[in-house]
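Working notes for the structure below.
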Amino acid sequence: MGAEPEISETVLSIDGVSKLFGSAPAVDRASLTVRRGEVFTLLGPSGCGKTTTLRLVAGLERPDAGEITLRGRVVASVSHRRFVGPHKRNLGMVFQSYAIWPHMTVFENVAYPLELRGMKRALVRDKVARVLDLVGLGGMEIRPATLLSGGQMQRLALCRALVYEPDMLLLDEPFSNLDAKLREQMRLEVKLLQRRLGITVLFVTHDQVEALSLSDRIAVMHRGRVEQVGAPRSLYEQPASPFVRDFLGQTVILTGRVTTLGSDHGPAGVTVQMSGALAGCTLAGRTASGALAPGAPAHVAIRPEDILVVPDGLVVPDGLVVPDGQVSPDGSGRREANQLLGTIDALSFVGDHYEARVTLGGELSIVLFLPRACEWREGQRLQLGFPPEMVSVWPV
Amino acid sequence: MAGLTDVLAVARPRRIELSTVLCSGVLAVVALCVVFPLVLVALQSFQVAPPGQPARYGLDGWRAALTEPGLRSALVNTLTVTFVRQLLSLPLAVLIAWLLARTDLPGRSWIEFAFWAAFFLPPFTVTLSWILLLDPEYGLINTSLGKLPFMGTGPFNIYSFWGIVWVHIVTGSLTVKVILLTPAFRNMNSAFEEASRVAGAGTLRTALRITMPVMAPVILSVLLLGTMVSLQTFEVEQVLGLPFRFFVFSTTIYDLLVTRVPRYDAATALAVLVLAAMLPLVFAQQWLTRGGRYTTVTGQFQSRVHRLGRWRWPVTCLTVGVVLIVLGVPVLFALLGTFMKLFGFFHVQDPWTLANWQTVLGDELFLRSLHNTLVLSVGTAVAAIVVHALIAYIIVRTTYAGRGLLDLVSWLPFTVPGIILGLALLWLFLGVGFLRPLYGTTALLIIAGVIAGMPLGVQIIRSGLMQLGGELEEASRIAGASWWVTYRRIVLRLMAPTLLAVGMITFVGAARNIGNFALLTTSANRPLSILQLDYVAQRKLEEAVVVACIIMFVSLAGALLARLLGLRGGSLG
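Put into structure tokens, the structure is as follows:
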């Protein structure tokens, strides 16, 4: 009873799918499900298997293991020796190169899939006009497709993929050939269109900004495997693996040894004695994953934007003054204990903020973004606050 | 990855798909037509019994090929002619290609087109034209120079080693290199040259120190390709060498086979020797093109040209002069020759006549050959489009395991000199029982034509398909079209100009081919190209030049059409 709605909500499920190229696995036992109406993104560096996964869903590649189900219909299954061709899957796809057929006009490009479905001419004309209007290409029907600009080709490709109301829309890095401004605009347009039509989207990108801003859920892929699936924010804030942590956003990583587990920050709390240039300092945080024991080496990770930066000698927000040049020596885990001192080594103004390379303890350097609202200068000393709830501790 | 391999070992039963079977079928047929005949040739070289007698195996053929003075000198002559003509044509070709691609030479696109047209001139026709000019007794240049006070007789003799070398250079050695090198030079990143200019080097120094070394792999590759192409023809030596008993390997093989008691063993042994000598060239060429040594000269970038400055006009004169020699002279004199009462005799009273055309066009022999040529050329073109497109599609678009092998096999005919391919096919069709009825038919010539045109045809379609990109087809599949609908409505439609161009050049190739057909024709299937050779053998030069002129105009029209369809020199390499 409880499982019933779950199944009807699932548009796509990939179950233990692998694809080998030669003997190297491009996709390695990947499993995931996509629900109706969501934008699901496959994110990862190039060569991680995301595009191959998309092509497996589209039917452009045959899996070497596993099963793919579209709306309850098994479209590819190795164990049942079943494979449904791409033309019988009722999917829409926008290619990286758009793949606009150059020997056809705008109209012919969009009408092609409708013709293949045996639709009456009048209805075809009507449907094409409506979908072209939807993206602002109305009135361009008779134009040769090769005369369109990059953004127009992108819209045309989108029309062609949407006009026959496919069960799911596949997007293969569709924005990567556009310039930065147009890319942002198209991203927004696609998002609005998706919300309006309520269509399910499987989206492939290596661009994390694109992924985070467009997706309802993201699967981060690495070496053919699905590393983690989750909503953008939870992936960003609670990465389950060092790969996801480092791939999404910036991370400052410091090394040390675990001193105590389960401190006053709760059972997940952990305190780390820093090593190397920061020897003598301690930082508190929460454990990111198990397998941490007292005395074990650990990585301390924090997003640079979570570090509280205050010019040295000023009063920190909770009213404490840190004596000049000293990091609070005790590892008690109190807030002021989670502070380090740094010096701005190199400073560059990049428009909406400053980018600063800050050295810690004389050797280690990290990159921080500083707000434009304050005056900063090279050589300036900074107090860096590491709020324990933002600090995660990882086994090495 | 052991875990994954285990999973797959269980979950992946070997499936034999229909597409794999089809691809293997294509590979098998192509290999049967290309590789198997060559194997037969090699085997035949050990079969020493005279024709009609029971087979006997021995080394007599090989002994003859290695020791008989006639056969040995044929090999030496082949080597010398090939070496000298490549040595002389390469520097000029590099210079012209550089001028066309990297400088502001006036009218360079027209000049490039002229070289393209000249590449399509049939060597046989060009040979006849140059006989008109350089015949030792009545050649126009010789008689003109002979009138000068200090000259006794004309200095030139086309029936000589240097005559043969000269005709070879102007018929193919130069033009093929120019049309292959020009696009390569054009695609070179001009930043290399600009860096050199900024560093203080002049145009000439930049060309010699930067451009040439950067292009060295390309130039070498073109040199090797040119060498292979140059061994395809045998008509030049057949026409010019016979009068002074100068034989190269191809004319020797022909000679050994068309005498009253054919010496198959010696002919095939000679063929195997030549093929063996080609192997290093083949490997070197493959190594040069496959190893990524072109990486410096690919990619998208602005390619700017040098200003020639005060060299502009001298250089233009030189280039236009070369164009006149490779294109103007042959076309003009082949045409003039057809109107001469006595071929080559300009100084007789009233030398002009229309009778040659009337004789030839009314000749029953000519009409039958014309019919044969038309059937042959159209058949070859149609068959080539289908076969070459199929092979190219398998190579580019499928994941078929044997596609690399198919690629290699389809390229192989390029490396096999025309007369040897003809010999090999002769053996295939005489030696394999169920194919024997095809001997003496036009179908046999069509097969030979398709095989001879295969390297070029597959290469052109292949590069067209690669430019097309797979996504256009995949978009159609996803939109709901089956493979066949996609092939018809997307691939064929987009490839139509390329396929027509391939059909065009295969048509021309079949119409003018002599080397591949010489051993395969009988009086029943003789096409025009062989008829003109027979006319020459009968010393009917007036008739021969009329036929040669017709073939030339067919070739030029084909070249022009192929060009209009978008074919460029770059897609030939």
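Protein chains in written order, with the working numbering: chain C, -16 to 379; chain A, 584 to 1156. Cβ coordinates follow ideal geometry from the N, Cα and C atoms, glycine included. Remember, predicted model here, so these are calculated numbers, not experimental data.
- Shown here is that no member of the region 183 to 207 of chain C has a Cβ falling below 7 Å from a Cβ of chain A.
- Within chain C, His70, Leu99 have C-beta atoms less than 9 Å from the C-beta of Val1068(A), given in sequence order.
- Pairwise C-beta distances place the region 75 to 92 of chain C in contact with the region 140 to 157 of chain C, as three or more of them are shorter than 8 Å.
- By the Cβ-count criterion, Arg104(C) is exposed, with fewer than 16 other Cβ atoms from all chains shown falling within 10 Å of its own Cβ.
- Runs of the alpha helix (DSSP H) lying entirely within the region 806 to 857 of chain A, each at least 4 residues long, are 818 to 823, 832 to 841 in chain order.
- Take the alpha-carbon of Gly962(A) and the one of Gly1036(A): they are about 13 Å apart.
- Contact check for Thr88(C) against Pro127(C) passes: the beta carbons are separated by less than 7 Å.
- Following the DSSP letters along the chain, one finds Val1041(A) inside the alpha helix (DSSP H) bounded by residues 1025 to 1051.
- Here Leu1077(A) carries a helix assignment [DSSP, helix/strand/coil].
- DSSP places Ala144(C) in the helix class (H, G or I) of the three-state scheme.
- If one requires a minimum length of 4 residues, the alpha helix (DSSP H) runs lying completely within the region 882 to 950 of chain A are 895 to 906, 912 to 921, 938 to 945, in chain order.
- Every alpha helix (DSSP H) of 4 residues or more that sits fully in the region 736 to 805 of chain A is shown, in chain order, as 744 to 751, 757 to 769, 773 to 781, 786 to 789.
- By the Cβ-count criterion, Leu106(C) is exposed, with fewer than 16 other Cβ atoms from all chains shown falling within 10 Å of its own Cβ.
- With contacts defined as CB atoms closer than 7 Å, His971(A) and Ile1044(A) qualify as a contacting pair.
- In summary, no residue of the region 986 to 1007 of chain A has a CB separated from any CB of chain C by less than 9 Å.
- When DSSP reads this structure, Met123(C) sits in no beta bridge, so it has no partner.
- Put simply, the backbone Cα of Leu1011(A) is about 21 Å away from that of Thr835(A).
- Across the structure, Gly(-1)(C) and Ala194(C) are spaced so that their CA atoms are roughly 24 Å apart.
- Val903(A) and Val812(A) have their C-alpha atoms spaced approximately 25 Å apart.
- Under the Cβ criterion of 7 Å, Ala128(C) is not counted among the residues facing chain A.
- Annotated three-state conformation of His205(C) is strand, per DSSP.
- Ala9(C) has a beta carbon lying at 7 Å or more from every beta carbon in chain A.
- Counting only unbroken stretches of 3 or more residues, the beta strand (DSSP E) elements lying wholly within the region 72 to 115 of chain C are 74 to 77, in sequence order.
- In the three-state reduction of the DSSP assignment, Gln221(C) falls in the coil class.
- In terms of beta-carbon proximity, Ile1061(A) lines the interface with chain C, with at least one pair separated by less than 7 Å.
- Chain order gives the chain C residues near Gly1052(A) as Ser80, where near means a beta carbon separation below 7 Å.
- Look at Arg691(A): its C-beta is not under 7 Å from any C-beta on chain C.
- For Ala972(A), no CB of chain C lies under 7 Å from its own CB, so it is not counted at the interface with that chain.
- One thing to note: Ala274(C) has its Cβ no nearer than 7 Å to the Cβ of Thr254(C).
- Collapsing the DSSP output to three states places Arg646(A) in a helix.
- Around Leu654(A), the same chain offers Ala647, Ala648, Thr835, Ala849, Leu853 as residues with beta carbons nearer than 7 Å, after the five sequence neighbours per side are excluded.
- Cys31(C) is positioned such that its CB atom lies closer than 7 Å to that of Met204(C).
- As the crow flies, the alpha-carbon of Val979(A) is around 31 Å from that of Leu1018(A).
- Per DSSP, the continuous beta strand (DSSP E) segment holding Ile327(C) begins and ends at 322 to 332.
- Counting the other Cβ atoms within 10 Å of the Cβ of Ile236(C) gives fewer than 16, which makes it exposed.
- Taking a contact to require three or more Cβ pairs closer than 8 Å, the region 818 to 834 of chain A and the region 774 to 791 of chain A do not qualify as touching.
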